[in-house]
Amino acid sequence: MSSLSPHRNSDEPPPAEDRDYSLRAVDRVCAILNLLQESVDGITLNEVVEATGMPKSSAYRYLWTLETHRYVERDEATGLCRLGLGFLGMQSRHLELLRERVRPWLEGVRDEFGETANLGLLDSDHIIYIDIIESRRGVRLAASRGDRDPLHSTALGKAITAHLPEARVRELLERSGMPARTERTIVTIEDYFAELDKVRAQGYAVDDGENEADGRCVAVPLLGTNLPAAISLSAPAARFPQRDVAGAAKALRRIAEQISTRPSGEVA
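Residue 259 in the UniProt record's numbering is what sits at position 259 of the sequence shown, and the numbering runs on without skipping anything.
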């Protein structure tokens, strides 16, 4: 005998008080993503366990799966997990706020050095230009907003990947390849990781004729934004000699520090 009431069609949903359509797995994923969204600095595996009450092994599997699908990024050095690039398309407002915050600073550094200033972001396995403040000079080195460039040959790419987990960088480079853009381009993963060691040691990255034969660019990461972003100054190499790179990097680092310490809604 059916347990359904004879007065209810079997295709009709049960009364509201009897309904429970939730799936435990989905509930757990939502709980983890809510924690990540509310965190500024990232969360640890233990914090996920404490907040959700799930076993540590289960929490690890959920985080690992989300990381595989790029919804979570994990810092190997600290163990902290943050929202990943899988949500990038959903963060357009966040990107616009970042662009608005950075633009006055980029305009200032453009005017200080007379060269093009850029805001770039890691997008899949390339750099995408979010904003560009072009030099006022007739001859200048400048991309266009929305253009994409490789990670391995650009200062923006080096500045960002220097602060990503090694396994993640290796995956990106294997996916995109490392074609020689010029005779100076780094074309092996081993040489690239050696270059990233240098970037971390000196606090800035340089493209020394590696993306464009007659170009030079210096970049620093925006570590306080919770986005894989960096700012740079680019110019024809003849007008931007090596002796000026450290000074430009110092100015860019000051900007990065100011942006990192200001509230997210505040524009300098």
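All residues carry an ideal CB built from backbone N, CA and C; glycine is no exception. Note that this is a predicted model, so its numbers are computed, not measured.
Could you tell me the alpha carbon to alpha carbon distance between residue i and residue j, rounded to whole angstroms?
i: V72; j: T78; result: 14 Å
i: N118; j: G53; result: 44 Å
i: T182; j: H152; result: 12 Å
i: E134; j: R110; result: 7 Å
i: A229; j: R253; result: 13 Å
i: N34; j: E67; result: 15 Å
i: D244; j: A25; result: 55 Å
i: L227; j: R137; result: 31 Å
i: A249; j: D27; result: 46 Å
i: I186; j: E171; result: 16 Å
i: R200; j: E76; result: 16 Å
i: N211; j: I128; result: 14 Å
i: V102; j: H94; result: 12 Å
i: K198; j: A51; result: 39 Å
Count the other CB atoms within 10 Å of the CB of residue i; is the residue buried (16 or more) or exposed (fewer)?
i: W64; result: exposed
i: E190; result: exposed
i: L23; result: exposed
i: G146; result: exposed
i: G247; result: exposed
i: T161; result: buried
i: T188; result: exposed
i: R168; result: buried
i: E115; result: buried
i: L233; result: buried
i: residue 285; result: As displayed, the chain neither begins before 1 nor continues past 268, which places residue 285 out of reach and without an answer.
i: P221; result: buried
i: G177; result: exposed
Just to confirm before moving on: does the CB-CB distance between residue i and residue j stay below 8 Å?
i: A143; j: A219; result: no
i: G209; j: A251; result: no
i: R148; j: H163; result: no
i: Y62; j: V29; result: yes
i: A256; j: C217; result: no
i: P165; j: R74; result: yes
i: L121; j: I132; result: no
i: L83; j: T225; result: no
i: Y192; j: L223; result: no
i: I231; j: L80; result: no
Where do the ends of the beta strand (DSSP E) carrying residue i lie?
i: L119; result: 116-123
i: L83; result: 81-83
i: E73; result: 72-74
What is the DSSP secondary structure of residue i, reduced to helix, strand or coil?
i: L233; result: strand
i: L252; result: helix
i: R216; result: strand
i: P104; result: helix
i: D147; result: coil
i: A205; result: strand
i: H126; result: strand
What span of residues does the alpha helix (DSSP H) with residue i cover, start to end?
i: I186; result: Neither: I186 is in no alpha helix (DSSP H) and is coded neither H nor E.
i: G46; result: Correcting the residue type first, residue 46 is Asn in the shown sequence and not Gly. Looking at the DSSP string, the run of the alpha helix (DSSP H) that includes N46 is 45-52.
i: D27; result: 24-38
i: L164; result: Here L164 belongs to no alpha helix (DSSP H), and DSSP marks it neither H nor E.
i: H227; result: It is Leu, not His, that sits at residue 227 in the sequence shown. No alpha helix (DSSP H) holds L227; DSSP gives it neither H nor E.
i: R61; result: 56-68
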